[in-house]
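Going down the list, the protein sequences come from chains A and B.
All letters in the first sequence, in the order written, are residues 1 to 433 by the UniProt record's numbering.
All letters in the second sequence, in the order written, are residues 1 to 433 by the UniProt record's numbering.
Here is the structure we will look at.
2 protein chains.
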Amino acid sequence: MRATGLDKRLHALTATEMVKLIQAGEASCEAVAQACLAHIEDREPDVQAWQYLNPDRVLAQARALDRQNASTGPLHGVPFGVKDIIDTYDMPTSYGSPIYQGHQPVLDAACVALSRKAGGVLMGKTVTTEFANMHPGKTRHPMDPQRTPGGSSSGSGAAVGDHMVPLAIGTQTTASVIRPASFCSVFGYRPTYGDLRMVGVKEAAGSLDTLGLMARSIDDISLYRDVLLDMEPTPLPPASQAPKIGFCRTPLWSELEPYTASLLEAAAEQLTKVGAHVQEVKLPSDFDSIVEIHRAISSFEFRRNFTYEIENHWEQISLTLRQGRIANGQACSYEQYCDARMWAEARRRQLDDIFASFDVLLTASVAGEAPVGLSSTGNPVFCALWTTMHVPAITVPLFTGPHGLPVGAQLVGRRYRDRQLLAVAQWVSQRLG
Amino acid sequence: MRATGLDKRLHALTATEMVKLIQAGEASCEAVAQACLAHIEDREPDVQAWQYLNPDRVLAQARALDRQNASTGPLHGVPFGVKDIIDTYDMPTSYGSPIYQGHQPVLDAACVALSRKAGGVLMGKTVTTEFANMHPGKTRHPMDPQRTPGGSSSGSGAAVGDHMVPLAIGTQTTASVIRPASFCSVFGYRPTYGDLRMVGVKEAAGSLDTLGLMARSIDDISLYRDVLLDMEPTPLPPASQAPKIGFCRTPLWSELEPYTASLLEAAAEQLTKVGAHVQEVKLPSDFDSIVEIHRAISSFEFRRNFTYEIENHWEQISLTLRQGRIANGQACSYEQYCDARMWAEARRRQLDDIFASFDVLLTASVAGEAPVGLSSTGNPVFCALWTTMHVPAITVPLFTGPHGLPVGAQLVGRRYRDRQLLAVAQWVSQRLG
């Protein structure tokens, strides 16, 4: 099939839709790539989602796929973006830090190699905050350039939200996938800890870090998850007509914007009306110390992980990072760190018990709409617990805030039950979305 | 202080002894480095422990330390070796694979940076098997060149055992620290999973991988552990005069050489005589499936972690690896992998309960002496359980086999109780060693 040329609509399709069109011979891989590139060219000056983007390299990949006689895999011809904390053999990777400006890894991270193996087209590297911590990159919110897109996977959230690519990979140590996805009105999925391999990803705090996937449909999330597990993609099972949903106001509920609390409460009521079994879940007070626990684990590990950079490139590390996670990690003793890990393990068992009664928990993704200002990427506390618990989570773009900007709702599943979580999220999204 | 020139005895000192001499002004860092280099020059043709060694670079580091007015840290002037699976900014790192021949990383792994921060002198890169799996490197047993030194941390075990360096870092996914340490008559310590950070280490199977430390004294192990945790070194507490020791014949006891079983049984009896409370521990039959469980976790992850190499450099991967861990990982389903992880988590809780009654468990490190032949690095099964359980372990050079070669005994501790494990190992070593 010959390239059909630039098609303005193609860029807004989901990955699943793109795959169907390409397989049916109704669009070439090159046409899809061209459409995404044209949209990026148009929008990038405002959004600045990309740390590295080379159209020639994108088109060369797409044309090579078009020259194949058959589909190379379940992502054949689908453009995807990769957070610039993740190594790529053919594009520089700077980890959001001037220390690594222009750094060229010699191999692909496992997630990139698995995406390419499935026929995906690597569009480019999306902007990350410095080392996936707090110091922001250049990206702006796609709907309001005065506002943050969220972080640390800022470019991945903005690129998918702005229809530049249908899929992007991020990473999360606290809230770095759920938060930008919520702000940018996309689905953001954080898997069960350990499932999606982190080889070739610059580690922040390995006991908490996971990949995260951003997309504009849950089918796309499920497809991409199967690809990254190197499994044959299989459609999601239908959710039960009456999923058991625990409505969980975490100990940090008071930090929510009042409108977000109201929207979540209304959603819980609405879910009952459409047939779900919704019941309030109050976490035991053991869970109250989550912020300190998360800080101990993340900072102790970060401080040691970045010894090379701290010893050799201190002046090129932001004050935010020096005075934040690095200082916290210096102040955290090994005993505090071990206590925190043991606390987390005990709470995971408690949470397993709670999940005996529920398919998923419904809770907040973020405090509210993306805040005005580019110096902060927003409040991360609503994810710290679930990240530390190693449970899968997905933010679903359900709400609109007072300024017309999106606010996601977070659904949290039991460890290793990611497909059940995605199926229930599909059910919820179809009824409330 | 001026360099005192070559001193033949210096190379055989422990790290703790070297530090004392250097601090007392009785030896320079350069003299220590020269002594180690001279010994290596003498022995390397037989042992072949080093993948990369550049004397000029070693001496430059030592001289720079000598130019400091004061000690730069607790390892000031101590030469250390690093398994060539671990990145170093100033020495190539080839991961035991022709794919990465001459590869030069741009930064130090966290463990290397922490060692240098403490004043250590990086001697060079020690030989690893291919990607820390089974296909052997060139290293031979220091006491018999017909025999394997064990693997995958082959060069680290041989270099410390042969007095080339007092300290070396290895890694363990199954038995890759305990086994070569046992064969080469050194202490080999595998920490509680997660404690010593793995940033900059080529991952095999991240749910199981840890660093491991090799040394010729337990004080050295403790010192190096403190350095790699970025803690102020503190001497080990004295062990109780009557440590509670569980003697654990694992489900795999029948794979031991009969002499090893006898030596371990005699050691258990002897420990009772010298005052320990020794009691037999029989693991519940739940633990019997450990070999299959370990295979599922290690191979599922390895297969996905190495997607880049498999897709792009298949012909440069050994048949051993292709037909072993990679094929196993391809055959392992996601469901089997999840079941294996859940099994491991449940067994860890059972083991915590068992440890309520014991300070440490005494068990086998290896089947027996290092076997003849360089095509295999020996039977790893005696470590698979403890590795999967995430517990700390140390092999203590207690025994001599029928050919006069060393056989270690393994002591296993409770998670996060590494110092207690080391203290009891000291107690045992002083009484039986």
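Ideal Cβ positions, reconstructed from N, Cα and C, are used throughout, including at glycine.
Using a 10 Å radius around the Cβ and a threshold of 16 neighbouring Cβ atoms, would you call residue i buried or exposed?
i, result
"M231 of chain B", "exposed"
"W50 of chain B", "buried"
"V19 of chain A", "buried"
"M214 of chain A", "buried"
"N305 of chain B", "buried"
"L405 of chain B", "buried"
"A118 of chain B", "buried"
"L252 of chain B", "buried"
"R295 of chain A", "buried"
"I293 of chain B", "buried"
"M342 of chain B", "exposed"
"Q410 of chain B", "buried"
"D84 of chain B", "buried"
"V372 of chain A", "exposed"
Beta-carbon of residue i versus every beta-carbon of chain A: anything under 7 Å?
i, result
"T272 of chain B", "no"
"S207 of chain B", "yes"
"V412 of chain B", "no"
"E113 of chain B", "Per the sequence presented here, residue 113 of chain B reads as Ala, with Glu not at that position. For A113 of chain B, the answer is yes, since a Cβ of chain A falls inside 7 Å of its Cβ."
"R197 of chain B", "yes"
"A3 of chain B", "With a pLDDT of 40 at A3 of chain B, under the threshold of 50, the modelled position of this residue cannot be trusted; read the value that follows with caution. So no, A3 of chain B is outside the interface."
"G194 of chain B", "yes"
"Y308 of chain B", "yes"
"E335 of chain B", "no"
Considering only C-alpha positions, which residue in the set the options is nearest to residue i?
i, options, result
"K202 of chain B", "B:A296, B:A31 and B:V82", "B:V82"
"W427 of chain B", "B:S97, B:V274 and B:P92", "B:V274"
"L385 of chain B", "B:T400, B:S376, B:V366 and B:F399", "B:V366"
"D108 of chain B", "B:V291, B:Y100, B:L122 and B:S97", "B:L122"
"S254 of chain A", "A:A423, A:T139, A:V412 and A:F382", "A:F382"
"K282 of chain A", "A:S262, A:L361, A:A204 and A:L319", "A:L361"
"D162 of chain A", "A:A204, A:F187 and A:S176", "A:F187"
"S115 of chain B", "B:I169, B:R63 and B:P145", "B:I169"
"A110 of chain A", "B:I326, B:E309 and B:S376", "B:E309"
"Q338 of chain B", "B:S299, B:V58, B:E280 and B:A15", "According to the sequence displayed, residue 338 of chain B carries Cys and not Gln. Residue B:S299 is the option with its Cα nearest to C338 of chain B."
"G137 of chain A", "A:Y52, A:H103, A:G206 and A:Y259", "A:Y52"
"Q350 of chain B", "B:P145, B:V424, B:P258 and B:V391", "B:V391"
"L211 of chain A", "A:C248, A:F247 and A:T173", "A:T173"
"T363 of chain A", "A:A276, A:V199, A:E265 and A:A113", "A:E265"
"T377 of chain B", "B:L167, B:S176 and B:T88", "B:S176"
So, with DSSP's three-state summary, where would you put residue i?
i, result
"A3 of chain B", "Only weak support is given to the placement of A3 of chain B: the predicted model assigns it a pLDDT of 40, under 50, and the question is left unresolved by the model."
"E280 of chain A", "strand"
"P258 of chain A", "helix"
"T16 of chain B", "helix"
"I317 of chain B", "coil"
"Y337 of chain B", "helix"
"P237 of chain B", "coil"
"P243 of chain B", "coil"
"K83 of chain A", "strand"
"T363 of chain B", "strand"
"Q51 of chain A", "strand"
"V165 of chain B", "coil"
"Q410 of chain A", "strand"
Quick one: is residue i near chain B, going by C-beta distance under 7 Å?
i, result
"residue 443 of chain A", "Past the boundaries of the shown model lies residue 443 of chain A; chain A is included only from 1 to 433, so the question cannot be answered."
"L223 of chain A", "no"
"T133 of chain A", "Note that residue 133 of chain A is Asn in the sequence shown, not Thr. No, its Cβ sits nowhere closer than 7 Å to a Cβ of chain B."
"N305 of chain A", "yes"
"H403 of chain A", "no"
"C338 of chain A", "yes"
"D230 of chain A", "yes"
"K117 of chain A", "yes"
"L361 of chain A", "no"
"L107 of chain A", "yes"
**Request:** Tell me, please, whether the segment 219 to 236 of chain B touches the segment 64 to 79 of chain B by the rule of three or more beta-carbon pairs shorter than 8 Å.
**Result:** Three or more Cβ pairs closer than 8 Å define a contact, and the segment 219 to 236 of chain B meets that threshold against the segment 64 to 79 of chain B.
Counting Cβ pairs, one atom from each stretch, are 3 or more of them under 8 Å apart for the segment 123 to 133 of chain A and the segment 329 to 348 of chain A? Between the segment 123 to 133 of chain A and the segment 329 to 348 of chain A there are fewer than three inter-stretch CB-CB distances shorter than 8 Å, so the stretches are not counted as touching.
Would you check if the segment 171 to 183 of chain A and the segment 139 to 153 of chain A touch, i.e. whether three or more CB-CB distances between them fall below 8 Å? They touch, by the three-pair rule.
**OP:** Spell out a yes or no on whether the segment 234 to 249 of chain B and the segment 318 to 335 of chain B are touching, meaning 3 or more CB-CB pairs, one atom from each, closer than 8 Å.
**Re:** Under the 8 Å Cβ criterion, the segment 234 to 249 of chain B does not count as touching the segment 318 to 335 of chain B, having fewer than three qualifying pairs.
Quiz item: Using 8 Å as the threshold, is the segment 190 to 197 of chain A in touch with the segment 413 to 432 of chain A, meaning 3 or more CB pairs across them?
Solution: Taking 8 Å as the limit for Cβ pairs, the verdict is that the segment 413 to 432 of chain A does touch the segment 190 to 197 of chain A.
**OP:** Pair every Cβ in the segment 133 to 147 of chain A with every Cβ in the segment 315 to 327 of chain A, then say whether three or more of these pairs are closer than 8 Å.
**Re:** Yes, the segment 133 to 147 of chain A is in contact with the segment 315 to 327 of chain A.
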